[in-house]
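Peer 1: One structure coming up, written as structure tokens, with questions to follow.
Numbering (my numbering), first residue to last: 1485 to 1640.
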């Protein structure tokens, strides 16, 4: 399948994100170890979601990079860190129950932990979730999987 080959190439080219065999850490620990998710980890801590994302799971997390958070308008991250309810809503919108691997992705709607549906589009150009492009896939953790995205997605 052409799409699977594209995703595999993305994974190999972004090897700093990949822990494919024998994951050593949970979602939070893996995000910390990657070094590209400092803003996400800070937000997870501020929202009080660390214990949840270190929990049994499994979870699928669409994880925005620090660069994705930097795309938000100036002051947005700081304001969200002070508004725990809104921050929690946005962060849980990035999480889907269960472990969804890239080979299982299909276009359509998927319900987030927040409760709203995320629009997933899989095509020749790759995968998007809402307006975010998936830039690395199948980062295995002990309690789920991370797919790296280039934009923070916001529930309506």
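From the three backbone atoms N, C-alpha and C, an ideal C-beta is built for every residue, glycine too.
Note that the coordinates shown come from a computational prediction; the quantities given were computed from them, not determined experimentally.
Spatial neighbours of residue 1513 within its chain, please: C-beta separation below 8 angstroms, excluding the five flanking residues on both sides.
Peer 2: Cβ neighbours of residue 1513 beyond the five flanking positions: 1538 and 1625.
Peer 1: Locate the alpha helix (DSSP H) running through residue 1560, then write down its first and last residues.
Peer 2: From DSSP, the alpha helix (DSSP H) with residue 1560 extends over 1560-1566.
Peer 1: Mind checking residue 1608: buried by the 16 CB within 10 Å criterion, or exposed?
Peer 2: So residue 1608 counts as exposed.
Peer 1: Let me confirm a value: residue 1554 is counted as buried when at least 16 other C-beta atoms fall within 10 Å, else exposed. Which label applies?
Peer 2: Answer is exposed; the Cβ neighbour count stays below 16.
Peer 1: Can you find at least 3 beta carbon pairs, one from the region 1511-1530 and one from the region 1581-1598, that sit closer than 8 angstroms?
Peer 2: No, they do not touch.
Peer 1: Measuring CB to CB, does residue 1583 end up less than 8 angstroms from residue 1544?
Peer 2: Contact: yes.
Peer 1: Between the C-alpha atoms of residue 1573 and residue 1524, what's the straight-line distance to the nearest angstrom?
Peer 2: Spanning the two alpha carbons is a distance of roughly 14 angstroms.
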